[in-house]
Structure formats: C-alpha cells, structure tokens
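Per the working numbering, the sequence shown starts with residue 13, numbered consecutively.
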Amino acid sequence: MSLRERKKARTRQALGDAAVALFVERGFDATTVEDIVAAAGVSRRTFFRYFPTKEAAFFASHDDRFEDFVDLVEAHHESMGAWAACFEAFLEIATRYEDDREGSMAWREVMMASPALQAHDLRHDALFEDSIRAVLEREGSSPFEAAVQAGALMGVVRAVLDRWFRDRGDLISMGREAFTLVGPLSPVRRAS
13 MSLRERKKAR
23 TRQALGDAAV
33 ALFVERGFDA
43 TTVEDIVAAA
53 GVSRRTFFRY
63 FPTKEAAFFA
73 SHDDRFEDFV
83 DLVEAHHESM
93 GAWAACFEAF
103 LEIATRYEDD
113 REGSMAWREV
123 MMASPALQAH
133 DLRHDALFED
143 SIRAVLEREG
153 SSPFEAAVQA
163 GALMGVVRAV
173 LDRWFRDRGD
183 LISMGREAFT
193 LVGPLSPVRR
203 AS
C-alpha cells in the first residue's frame, strides 16, 4: 500500500470512528456531518469524498468487514468448499466483534434506535447474502439452491448476532452451535 493509500485509509478510519463515537454519545439523528468533520479535523468536502451519507460513515467498519469476509471466503474456498469457507469466514469476523465487545454493543444500540440505520443494515446484509450466493453457484449449486442456502446462512448469522447482543455470551461458541444446527447445506438431490 502506497503512502497516499495509507493516508486515505487513515482519513476514512478517522471519519468513521468520529461518526460512531458521536452517534453513541448524541444519537444518530442529533449528530450532523458538521459535527463529524469537526471531531475528525477535516473539511465537509473531505467527508463527502469518503462517504455519501452519514449512514455510510456509521457503517464504515462493516464495509471493511464485508471486504474481509469476501477475501476470507476466497482464501478458504479451495481447501474446504464454499459452505465451510463461508462458515469459517463468519467465525473469523466474529472474533472482531468479540475483541471490541463494548464498542459492538454500543454500535448496535445506535443502529436499533434509528429506522434509517436499520434499513441500511438490511441493505448491508444483502451484500453478504449476494456474495455467499455467488460462491455457492460457482461451486455448482443452481441459482435457486444457492439463493436458499445463502438466505439460510444469513438467517443463522442474524439469529446468532441477535442472541449475542441480547445475552452477551460467547459469540464464537454461539456461532459454532448455530451452524451445527443447520449442518452443511448441500444441493438437493433429485430422485432419478
């Protein structure tokens, strides 16, 4: 990564961190873009170079996690297959939630208090689901099978995260338990 790319990444990170900190402190609706740029020490114009909306700034770390998820699935796919690769990628991402448990909990509280952020979260989940569907299709699932499997996997992820945010247990253990309940989803075998 070049010096310029590192500087851009730091600026993006500073904006995302400032936005989340202010949203936790003041609430999403009470925080303005001007508040965020003042806290990050950049101009309004700089903010909009990195994020089209304050919702997008709130989800900056989740965008990074999505990119990491895609990379992790690709890294594991060849050695373990699509379903297991997605499972392992989600577990690796889950460790980041555990590592910043309090920050994750505060982030969730802000999101749940804002219908706009909840809607953005659903769109973000759709990116994961589309990515899972694509890798399953590449492995040989039909489009319908891949869509069902990807939807099931995202349902598991949502259920585990909901339980974790509510009960505050061990996210990795919860994830492993939930994935064993659904087992490896394989394409439906048709009778000949």
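All residues carry an ideal CB built from backbone N, CA and C; glycine is no exception.
Let me check understanding here. Comparing Cα to Cα, which of the options lies closest to residue i?
i: F63; options: A51, V45, A50, D80; result: V45
i: C98; options: G115, D80, Y109; result: D80
i: R178; options: F59, M124, L84; result: M124
i: L134; options: F102, E114, F59, D75; result: D75
i: A68; options: L15, F191, A30; result: A30
i: R57; options: R180, R16, R24; result: R24
i: M92; options: E151, W176, A158, D174; result: E151
i: M117; options: P155, R180, H132; result: R180
i: T192; options: V54, A96, R18; result: A96
i: S153; options: D111, R113, A94; result: A94
i: E104; options: R16, A87, L15; result: A87
i: W176; options: R113, H136, T43; result: R113
Is the CB-CB distance between residue i and residue j below 8 angstroms?
i: S126; j: D182; result: no
i: M186; j: V168; result: no
i: E141; j: G163; result: yes
i: V160; j: H89; result: no
i: A106; j: V85; result: no
i: L27; j: A52; result: yes
i: I184; j: L165; result: no
i: E149; j: A138; result: no
Which residues in the same chain have their Cβ closer than 8 angstroms to the Cβ of residue i, if we skip the five residues on either side of it in sequence?
i: V122; result: V32, F35, V36, G39, F40, F70, L129
i: A21; result: M13
i: R108; result: R77
i: I48; result: L27, A30, A31, L34, F59, K66, A69
i: S55; result: V49
i: F156; result: none
Beta-carbon within less than 6 angstroms of residue i's beta-carbon, same chain only, minus the 5 sequence neighbours each way: which residues are those?
i: A72; result: G28
i: K19; result: none
i: S204; result: In this prediction, S204 scores a pLDDT of 37, lower than 50, which makes its location untrustworthy; no coordinate-derived value is stated.
i: P199; result: With a pLDDT of 42 at P199, under the threshold of 50, the modelled position of that residue is not reliable, and the figure given next carries that caveat. So the qualifying residues of the chain are S153, E157.
i: E110; result: L183
Taking 7 angstroms as the limit between beta carbons, can you name the residues of its chain near residue i, skipping five residues before and five after?
i: R202; result: Confidence at R202 is low in this model, with a pLDDT of 38, below 50, so the placement of that residue should be treated as unreliable; the coordinate-derived value is given next. Taken in chain order, the list of residues that qualify is empty.
i: V82; result: S143
i: H132; result: E67, F71
i: W119; result: V32
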